[in-house]
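Take a look at the structure set out below.
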Amino acid sequence: MSDCHLDELPVGIGDLRALRRLDLNNGSLVRPDGTWVPPPADLWDLTDLEELTLPMSGLAAIPAVIGRMTRLRYLDLSTCEVRELPPELARLTDLERIDLTWTLVREVGPEVRSLPRLRDILTSRRDHDEPGASRTHRATPDA
Numbered sequence: 001m002s003d004c005h006l007d008e009l010p011v012g013i014g015d016l017r018a019l020r021r022l023d024l025n026n027g028s029l030v031r032p033d034g035t036w037v038p039p040p041a042d043l044w045d046l047t048d049l050e051e052l053t054l055p056m057s058g059l060a061a062i063p064a065v066i067g068r069m070t071r072l073r074y075l076d077l078s079t080c081e082v083r084e085l086p087p088e089l090a091r092l093t094d095l096e097r098i099d100l101t102w103t104l105v106r107e108v109g110p111e112v113r114s115l116p117r118l119r120d121i122l123t124s125r126r127d128h129d130e131p132g133a134s135r136t137h138r139a140t141p142d143a
């Protein structure tokens with residue numbers, strides 16, 4: 001659904017048990033007036049999802065129920081309004097890559113860094129007071 005502008009995701013999307021990849025890139029859930037359309041709560045019921053791409057989605061917080069998405073290998077939250085990662089992210093033992101570029105996340109805790117399959121943590125610093133300031137780097141978790 002990349003580059004596709006939707007008024008909303010359908011309620012019941014969580015029933016799509018065979019869905020492996022969901023790409024809501026480039027503001028797919030943004031109304032014409034620029035306001036963000038939050039995904040339905042059952043989005044987080046997609047427990048067999050392997051790739052979730054939510055950049056520019058306006059997501060401000062990651063719900064704790066993300067911990068149920070244990071098959072997730074790639075999580076892209078770039079350019080979201082997320083400030084912190086919930087501890088439940090440590091349950092995503094298949095996670096290989098997380099993209100936090102241009103978010104407000106200042107720290108990735110050891111519980112996430114120590115995930116067994118995690119290879120890449122992409123981060124950049126986006127200061128709330130200085131929106132133009134960014135330093136992107138690739139962080140590889142300790143072995």
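Residue numbers for the sequence shown follow full-length UniProt numbering, so the first one is 1 and each next one is one higher.
Beta carbons: idealized from backbone N, C-alpha and C, even for Gly.
Less than 9 angstroms between the beta carbons of residue i and residue j, yes or no?
i: L24; j: L54; result: yes
i: residue 147; j: L104; result: Only positions 1 to 143 of the chain appear in this structure, which leaves residue 147 out of reach.
i: L75; j: L92; result: yes
i: D94; j: R119; result: no
i: A90; j: E107; result: no
i: E88; j: A61; result: no
Where residue i and residue j are concerned, what is the direct C-alpha to C-alpha distance, given to the nearest angstrom?
i: R135; j: S124; result: With a pLDDT of 42 at R135, under the threshold of 50, the modelled position of this residue cannot be trusted; read the value that follows with caution. Going from the Cα of R135 to the Cα of S124 covers about 5 angstroms.
i: R20; j: I121; result: 21 angstroms
i: G67; j: W102; result: 23 angstroms
i: P86; j: D33; result: 30 angstroms
i: G14; j: E51; result: 14 angstroms
i: L9; j: P40; result: 7 angstroms
i: T47; j: L16; result: 10 angstroms
i: G109; j: I98; result: 13 angstroms
i: D42; j: S57; result: 16 angstroms
i: A18; j: R83; result: 31 angstroms
i: L72; j: L115; result: 12 angstroms
i: L22; j: W44; result: 12 angstroms
i: T70; j: E96; result: 12 angstroms
i: V37; j: R31; result: 7 angstroms
Along the beta strand (DSSP E) that carries residue i, what are the first and last residues, could you check?
i: E111; result: Element bounds for E111: not the beta strand (DSSP E) but the alpha helix (DSSP H), 110-113.
i: L22; result: 21-23
i: D99; result: 97-100
i: L122; result: 120-124
i: D76; result: 74-76
Secondary structure, beta strand (DSSP E): runs of 3+ residues fully inside the stretch 44-71: Considered as a whole, the stretch 44-71 harbours 51-53 as its complete beta strand (DSSP E) runs of no fewer than 3 residues, in chain order.
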